[in-house]
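What follows is a short report on a single structure.
Number of protein chains: 2
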Amino acid sequence: MKLYSYFRSSAAYRVRIALGLKGLPFDYAPVHLVKKEQQAPGYRKLNPDALVPTLVDDAGHALTPSLAIIEWLEETRPEPLLLPRAPLERAWVRSLALQIACDIHPLNNLRVLRFLVKEMGLAEAQKLAWQRHWVESGFAALEQRLAGDPHTGAFCFGDAPTLADVTLVPQMYNARRLDIDLTRYPTLMRIDAQATRHPAFSAAAPEKQPDAS
Amino acid sequence: MKLYSYFRSSAAYRVRIALGLKGLPFDYAPVHLVKKEQQAPGYRKLNPDALVPTLVDDAGHALTPSLAIIEWLEETRPEPLLLPRAPLERAWVRSLALQIACDIHPLNNLRVLRFLVKEMGLAEAQKLAWQRHWVESGFAALEQRLAGDPHTGAFCFGDAPTLADVTLVPQMYNARRLDIDLTRYPTLMRIDAQATRHPAFSAAAPEKQPDAS
């Protein structure tokens, strides 16, 4: 398999973690988002929406975006499972992942930030306030949900990594880049520290990727 | 089951369609987003992120957000299936739904628009340009994907509704409210027209809801 990735992309980071947790080797194809390589016609053939990641399987099928890729991995390479077995528990884990993937991350996507500055005329300080606002309000709700739920263990759900941790850790990395005070989210901090000791999470870290700069 | 909904919410509209397709009756609990009823402490107990929809099942479990609710319905009330059976095909249908749910809809969420105007100081015309930009760029990619894929039929995938249509139709409703020229997306228009003739889609329409105004 081949993963089109950018080292700092949260969405690509999620897929790197999932591939690592399932023990699946892959070739790394860098797509430099700041240099706009995702706009190149060759890449847009694989991914008309011009986003990373794209995973190309051994038969040449291009899969995107991150959560659909991870659900596909879960269905085709089930060991270890990244979702619990009981439907209500699966819904809970998916809800944690989707809260990050739908309510936080898309607002701080690189193309969105560019549009705010270039087309909407926001100053850099306003852009930063925007970024922080969505991470902070999203994390406050996530902290409340995780701190109050009996399923929360060493990881977001129990004591093994799930899709929720796969989504949380890249968002924590992003929050650190924004200098957000994470001590307000003690449960998120504790889980993030636990997860980053796991070799699959650690190998997927942005600074370990071949295109890190 | 009880669905906390707002008639114009795209995310609530998706769940109304899915419940209808699966033939599941539900009580309708309106949450008036413009009056900020989603911020009320009682509702935030069910949904700490203060968004609609929330589905409360017959045992009192609160489920959220829309895509996690629909995956749960798919796992617990499988007939009719809203996802194909083959993993690659499931990934394709999920990718269409996620492109709308992650890359278009969150940017035009009511709270995001409010923040742009009240905190970022955008004028109403800028806000409208922002909204249209994300729908138009997302729809252009979606049109290209659907027009070019052999699986596209009367609906997004084949000739029966799937999760992709459940997500597309509310976004088309939203685009019409923004006066977007939809003739540039002939495949989306054709599928939307087909879907809205289906009784489950038609019963879920915003203007048919008890809180429509």
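Sequence lines, in order, name chains A and B. So that you can map any letter, position 43 of the first sequence is 43 in our numbering, and since no number is skipped, the others follow by simple counting. So that you can map any letter, position 87 of the second sequence is 1087 in our numbering, and since no number is skipped, the others follow by simple counting. From the three backbone atoms N, C-alpha and C, an ideal C-beta is built for every residue, glycine too.
Chain A contact residues for residue i, given Cβ-Cβ distances below 7 Å
| i | result |
| --- | --- |
| L1098 of chain B | P65, L67, A68 |
| P1048 of chain B | A141, Q144, R145 |
| Q1126 of chain B | M120 |
| P1087 of chain B | W72, E75, T76 |
Outcome for residue i when other beta-carbon atoms lying within 10 angstroms are tallied against a minimum of 16
| i | result |
| --- | --- |
| P1053 of chain B | buried |
| V1034 of chain B | exposed |
| G1020 of chain B | buried |
| Q958 of chain B | Lying before the first or after the last residue shown, residue 958 of chain B is absent from chain B, which here runs from 1001 to 1213. |
| H105 of chain A | buried |
| S5 of chain A | buried |
| G184 of chain A | Looking at the sequence provided, one finds Arg at residue 184 of chain A rather than Gly. Classification of R184 of chain A: exposed, given that the 10 Å Cβ count is below 16. |
| E71 of chain A | buried |
| G1138 of chain B | buried |
| P1206 of chain B | buried |
| P1150 of chain B | exposed |
| L1107 of chain B | buried |
| L1055 of chain B | buried |
| S213 of chain A | exposed |
| A1091 of chain B | buried |
| D1103 of chain B | buried |
| P186 of chain A | exposed |
| R1016 of chain B | buried |
| L1178 of chain B | exposed |
| R176 of chain A | exposed |
| A1147 of chain B | exposed |
| L82 of chain A | buried |
| T76 of chain A | exposed |
For residue i, the first and last residue of its enclosing alpha helix (DSSP H)
| i | result |
| --- | --- |
| T1076 of chain B | 1066-1076 |
| K2 of chain A | Taken as a continuous stretch (DSSP letters only), K2 of chain A belongs to no alpha helix (DSSP H), being part of the beta strand (DSSP E) at 2-5. |
| M1222 of chain B | What is shown of chain B runs 1001 to 1213, which leaves residue 1222 of chain B out entirely. |
| L113 of chain A | 110-118 |
| P1150 of chain B | Note, P1150 of chain B: premise wrong, no alpha helix (DSSP H); not H, not E. |
| Q1099 of chain B | 1087-1103 |
| I1017 of chain B | 1010-1021 |
| K45 of chain A | 41-46 |
| H203 of chain A | It should be noted that the sequence gives Ala, not His, for residue 203 of chain A. Start and end: 199-203. |
Residue i: contacting residues in chain B (beta-carbon distance under 8 Å)
| i | result |
| --- | --- |
| L107 of chain A | P1106, L1107, V1112 |
Residues that residue i contacts on chain B, provided the C-beta gap is smaller than 9 Å
| i | result |
| --- | --- |
| Q131 of chain A | Under the 9 Å cutoff, chain B gives no residues; its nearest Cβ is about 12 Å from Q131 of chain A. |
Proximal chain B residues relative to residue i, where beta-carbon distance stays under 7 Å
| i | result |
| --- | --- |
| A101 of chain A | C1102 |
Residue i, enclosing beta strand (DSSP E) - first and last residue
| i | result |
| --- | --- |
| V56 of chain A | 54-56 |
Paired residues, beta bridge with residue i - DSSP
| i | result |
| --- | --- |
| A1029 of chain B | B:Y1004 |
| A62 of chain A | A:V56 |
| T162 of chain A | T162 of chain A is not bridged to any residue. |
Contact list for residue i against chain A, beta-carbon separation under 8 Å
| i | result |
| --- | --- |
| H1151 of chain B | What H1151 of chain B touches in chain A: nothing, since even the nearest Cβ is about 12 Å away. |
| F1115 of chain B | W130, H133 |
| S1095 of chain B | L63, T64, P65, A68 |
Within chain A, the residues that residue i reaches when beta carbons sit closer than 9 Å
| i | result |
| --- | --- |
| R1090 of chain B | A68, E71, W72, E75 |
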